[in-house]
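Student: Just dropping this structure here.
Residue numbers (our numbering): 19 to 242.
Structure, rendered in structure tokens:
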């Protein structure tokens, strides 16, 4: 998230304005070529299934956990040692990031390494995004469908959604919707939900309307 801010601050760390300035160093371990990998000083292509073991080996080199029982090439072992050396040298000014597609254990190892190096509160800041209290959509939809079927819903507004088409078939959302007296659908298309709703209201295009958003740090904002 917040890639524009990250791009700006990364570029600032690479800018040399004085003979005594030093550049930040970027290592990338990835299974597929990426823009970040192309920008990095050192890139190690590694099969996706071996990345968790590599993360564990790096963590062990830094004193976090035990080294995994895995065979490494000399190039891979050299990367582990060099990355660990640079991380220790940078200390609290270093940061280890796990890609969004990595499994939970890799994210946990990255956080443990950052904590070991003293980066929490320096290069790593934790934010409360406020999403923990939000009910999962599938549970909320199931609860709503049950309430409609029980006759507990008199009026239902459906804003920019198409649950008659997209809801799980076992919910039989359309049948439950027939128990609601007043149903209003807001959308750009007269889709399946619009056709069974009592009222259909045309929705403006996203470039023609106000909206809201949430920044990477959890800050809410409005959009025009």
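C-beta atoms are modelled at their ideal positions from N, C-alpha and C, and glycine is treated no differently. In this text the structure is predicted, and so the values were computed from the model without any measurement.
For residue 223, count the other beta carbons within 10 Å of its own beta carbon; 16 or more makes it buried, fewer makes it exposed. Which is it?
Tutor: The count along the chain shown starts at 1 and reaches residue 223 at position 205. Its Cβ having fewer than 16 others within 10 Å, residue 223 is exposed.
Student: Alpha carbon to alpha carbon, how far is residue 197 from residue 189? Give it in angstroms, no decimals.
Tutor: Your numbering for residue 189 matches position 171 in the chain shown. Your numbering for residue 197 matches position 179 in the chain shown. Rounded to the nearest angstrom, the two C-alpha atoms are 14 Å apart.
Student: Which first and last residues belong to the alpha helix (DSSP H) in which residue 181 is found?
Tutor: In the chain shown, counting from the first residue as 1, residue 181 sits at position 163. Element bounds for residue 181: 181-184.
Student: In three-state DSSP terms, what is residue 41?
Tutor: The residue labelled residue 41 in the question sits at position 23 within the chain shown. Note: residue 41 maps to coil in three-state DSSP.
Student: Three-state secondary structure (DSSP) at residue 240?
Tutor: Locating residue 240 in the chain shown gives position 222, where the first residue counts as 1. Residue 240 falls in the strand class under three-state DSSP.
Student: Where do the ends of the beta strand (DSSP E) carrying residue 232 lie?
Tutor: Residue 232 sits at position 214 when you count from the first residue of the chain shown. Start and end: 229-232.
Student: Quick one: what's got a C-beta closer than 7 Å to residue 71's C-beta in the same chain, skipping five residues either side?
Tutor: For this step, residue 71 is matched to residue 53 along the chain shown. Only 86 and 88 meet the Cβ criterion.
Student: Out of 177, 113 and 129, state which residue places its alpha-carbon closest to the alpha-carbon of residue 204.
Tutor: Counting from one through the chain shown, the residue named residue 204 turns up at place 186. Checking every option, the nearest Cα to that of residue 204 belongs to 177.
Student: How do the region 129-144 and the region 162-169 stand: do at least 3 beta-carbon pairs fall below 8 Å, yes or no?
Tutor: no
Student: Can you tell me whether residue 41 is buried or exposed, with buried defined as 16 or more other CB within 10 angstroms of its CB?
Tutor: Position 23 of the chain shown holds residue 41. Exposed, by the Cβ-count rule.
Student: Would a C-beta distance cut-off of 8 Å place residue 230 and residue 240 closer than the cut-off?
Tutor: Taking the first residue of the chain shown as position 1, residue 230 is located at position 212. Taking the first residue of the chain shown as position 1, residue 240 is located at position 222. Yes, Cβ-Cβ distance for residue 230 and residue 240 is below 8 Å.
Student: Whole beta strand (DSSP E) runs in the region 129-207 with 3 or more residues, listed along the chain?
Tutor: 173-177 and 200-205
Student: Closer than 8 Å by C-beta to residue 156: which residues in its own chain qualify, once you throw out the five before and the five after it? Chain order, please.
Tutor: Your numbering for residue 156 matches position 138 in the chain shown. Same-chain partners within the cutoff: 186.
Student: Looking at the strands, I want to know which residues DSSP matches up with residue 46.
Tutor: Along the chain shown, read from residue 1 onward, the residue named residue 46 stands at position 28. Paired residue(s): 61.
Student: For residue 207, which option in 218, 200, 201 and 199 has the closest C-alpha, if you only look at C-alpha atoms?
Tutor: As a first step, residue 207 is located in the chain shown; it is residue number 189 there, counting from the start. Here the closest residue by C-alpha is 218.
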